[in-house]
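With the UniProt record's numbering applied, the sequence shown closes on residue 418, and no number is skipped along the way. Cβ coordinates follow ideal geometry from the N, Cα and C atoms, glycine included. None of these values were measured; they are calculated from a predicted model. A quick write-up on the structure given underneath.
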Amino acid sequence: MNRRKFIENSALAGSGLAIMGASSCTTENLDANKMNIQPFTAGIDFINAEDRTQRVEKASLLMQQNGIDAIFIESGTSLDYFTGIKWWPSERLTGVLIFSDGVLQYVGPTFEKERLEEMISLDGEVASWDEHESPYELVAKLFKSKHGATGTLGMEENVRFFQSDGISSYLTQATIINAKPITAGCRMIKTPKELALMKKANAITLEAYRIGFSQMKEGISQYDLSAIVAEASTALGATEAGWAGAMFGEYTAFPHGSKTAQQLKEGDLVLIDGGCKLGGYQADITRTTIFGKPTQRQRDIWDIVKEAQTAVYEQAKAGVPCEQLDATARAVVNKHGFGYGYENFFHRVGHGIGMDFHEWEYLVKGNSTPMQPGMCFSNEPGIYIYGEFGVRLEDCFYITENGYEAFTPQSPSIANPI
Numbered sequence: 001m002n003r004r005k006f007i008e009n010s011a012l013a014g015s016g017l018a019i020m021g022a023s024s025c026t027t028e029n030l031d032a033n034k035m036n037i038q039p040f041t042a043g044i045d046f047i048n049a050e051d052r053t054q055r056v057e058k059a060s061l062l063m064q065q066n067g068i069d070a071i072f073i074e075s076g077t078s079l080d081y082f083t084g085i086k087w088w089p090s091e092r093l094t095g096v097l098i099f100s101d102g103v104l105q106y107v108g109p110t111f112e113k114e115r116l117e118e119m120i121s122l123d124g125e126v127a128s129w130d131e132h133e134s135p136y137e138l139v140a141k142l143f144k145s146k147h148g149a150t151g152t153l154g155m156e157e158n159v160r161f162f163q164s165d166g167i168s169s170y171l172t173q174a175t176i177i178n179a180k181p182i183t184a185g186c187r188m189i190k191t192p193k194e195l196a197l198m199k200k201a202n203a204i205t206l207e208a209y210r211i212g213f214s215q216m217k218e219g220i221s222q223y224d225l226s227a228i229v230a231e232a233s234t235a236l237g238a239t240e241a242g243w244a245g246a247m248f249g250e251y252t253a254f255p256h257g258s259k260t261a262q263q264l265k266e267g268d269l270v271l272i273d274g275g276c277k278l279g280g281y282q283a284d285i286t287r288t289t290i291f292g293k294p295t296q297r298q299r300d301i302w303d304i305v306k307e308a309q310t311a312v313y314e315q316a317k318a319g320v321p322c323e324q325l326d327a328t329a330r331a332v333v334n335k336h337g338f339g340y341g342y343e344n345f346f347h348r349v350g351h352g353i354g355m356d357f358h359e360w361e362y363l364v365k366g367n368s369t370p371m372q373p374g375m376c377f378s379n380e381p382g383i384y385i386y387g388e389f390g391v392r393l394e395d396c397f398y399i400t401e402n403g404y405e406a407f408t409p410q411s412p413s414i415a416n417p418i
């Protein structure tokens, strides 16, 4: 579970009553028919079996280039990416071996075999194990049947330790390595179809924010505003409403919000961060605005953050090291007296994004990986002052042959966030 999902789940669990109350009132406030909310999804081309076949072919080529005989992937995003199978992680191993010749071997519990077979869109046999049997021994036998005891198996980096350790215990003569060159090598370079889905997901999210901001009124809670944005995302055609964290006033200095109950009042900064999903692809946008009239200090800090975001875009092109974009944003923040380090700019300037909120690569000090065409990132500088307020602006972009293209336009001003 990544940090964003943990925070989302914790907030939902800790504030269930508030959200239940918000749902009843915001459904009344957000009448999609009265507001003439129309879905944004006409003509969308979703990922299909042909796309996944091409992904497996690319993975096979990368395995051959990296001397890997097969990779193992368990339930999670990469399983969905390569096979289209959406499976929840549990103690029971369910996954796929992708061999370097492109053969797929699915593995799962016997009592789930029929259900697993229903989900398969790419050809491959299903090997099953009964409850008293070891799924790890089964995976090892399947691997050995094609590559012997001394082959090289790549373990997808999100395979949980108890599973990778279990498989490794039956492959004592094999070489077990990280499959990141294969999984990241495929997933972090987006195709035009993937980019189109991400662009539309970001457009839906931005419009949902616009609707949310239009519904703000004194006394509304952060949960009310989050619920409005989520409902708007669904009405606009999102396949998953996703996470929209709202925070007000001094709590905007908490980058991912506070559990403290908040009611909007005149003069509060309002920060919303999150994004919907469309066809499995994630949006991520942050907007900071004012409820009422901004002070000069609020306006000045907002303008500094936008200056930093603009400077990052000016550096965004193929061949530039990922860490350079973080350094660029920090130089702007430091120039205005808020420090180069993490004094007031608490986090890296960006992260990779795709099917997951956070994925390869990360725009952070120490990551010298050069950006490549097709890579997608967030651009999200911020300045946070505990006890006062925080400002963050976030849009996502991708690298092109000639520079970059943003999925959404930058926020125009503190008073006009969309």
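The three-state reading of DSSP puts Ala311 in helix, counting H, G and I together. Judged by beta-carbon spacing, Ser226 lies within the 7 Å limit of Ala246, meaning their Cβ atoms are closer than that value. Residue burial annotation: His351 is buried, with at least 16 other C-beta atoms found within 10 angstroms of its C-beta. Pairing Thr288 with Leu271 gives a Cβ-Cβ distance under 7 Å. Using a 10 angstroms sphere on the CB of Glu74, the tally of other CB atoms reaches 16 or more, which defines it as buried. For Lys193, the secondary structure class from DSSP, reduced to helix, strand or coil, is helix. Taking C-alpha positions only, Glu307 is separated from Gln282 by approximately 26 Å. The DSSP-derived three-state label of Tyr136 is helix.
Cβ contact annotation for Leu236 (same chain, cutoff 7 Å, sequence separation greater than five): Ile37, Pro39, Phe40, Ile204, Glu207, Ala208, in chain order. Between the C-alpha atoms of Ile228 and Tyr170 there is a straight-line separation of about 51 Å.
With a beta-carbon spacing of about 6 Å, Ile44 and Lys200 fall inside the 8 Å limit used to define contacts. Counting along the chain, Val364 sits inside no alpha helix (DSSP H), nor does DSSP assign it H or E at all. Taken in chain order, the unbroken stretches of alpha helix (DSSP H) that lie wholly in the region 241–319 and span 4 residues or more are 296–315.
Listed in chain order, the non-local C-beta contacts of Ile220 below 6 Å within the same chain comprise Leu264, local neighbours out to five positions each way being set aside. Here Ser378 is buried: its Cβ has 16 or more other Cβ atoms, across all protein chains shown, within 10 Å.
In the three-state scheme derived from DSSP, where H, G and I count as helix and E and B as strand, Asn178 is classed as strand. Under the three-state reduction of DSSP output, Asp123 falls in the coil class, being neither helix nor strand. Annotation for Ala406: no alpha helix (DSSP H) segment contains it, though the beta strand (DSSP E) segment containing it runs 403–406. By the beta-carbon neighbour count (other beta carbons within 10 angstroms, threshold 16), Arg115 is exposed. Taking the Cα of Leu79 as reference, the smallest distance to any Cα among Ser411, Ala241, Thr400, Arg52 is reached at Arg52. No Cβ-Cβ contact shorter than 7 Å links Val312 with Ala331. Rounded to the nearest angstrom, the gap between the Cα atoms of Pro181 and Gly124 is 23 Å.
The straight-line gap separating the alpha-carbon atoms of Gly339 and Pro370 is approximately 26 Å. Each residue's CA atom was taken as its position, placing Phe346 and Thr408 some 24 Å apart. Residue range 350–352 is occupied by the beta strand (DSSP E) that includes Gly350. Contact between Thr150 and Ile177 is absent: CB atoms are separated by about 13 Å, not below the 8 Å threshold. The C-beta of Thr183 has 16 or more other C-beta atoms within 10 Å across all chains shown, which makes the residue buried. Exclusion of the five residues before and after Ala327 leaves Lys365 as the residues of its chain whose Cβ lies within less than 8 Å of its Cβ.
Taking C-alpha positions only, Gly166 is separated from Phe357 by approximately 29 Å. An exposed status is given to Pro192, since fewer than 16 other beta-carbon atoms sit within 10 Å of its beta-carbon. DSSP, reduced to helix, strand and coil, places Ala70 within a strand of the structure shown.
With a cutoff of 7 Å on beta-carbon distance, Met375 and Met198 are scored as not near each other.
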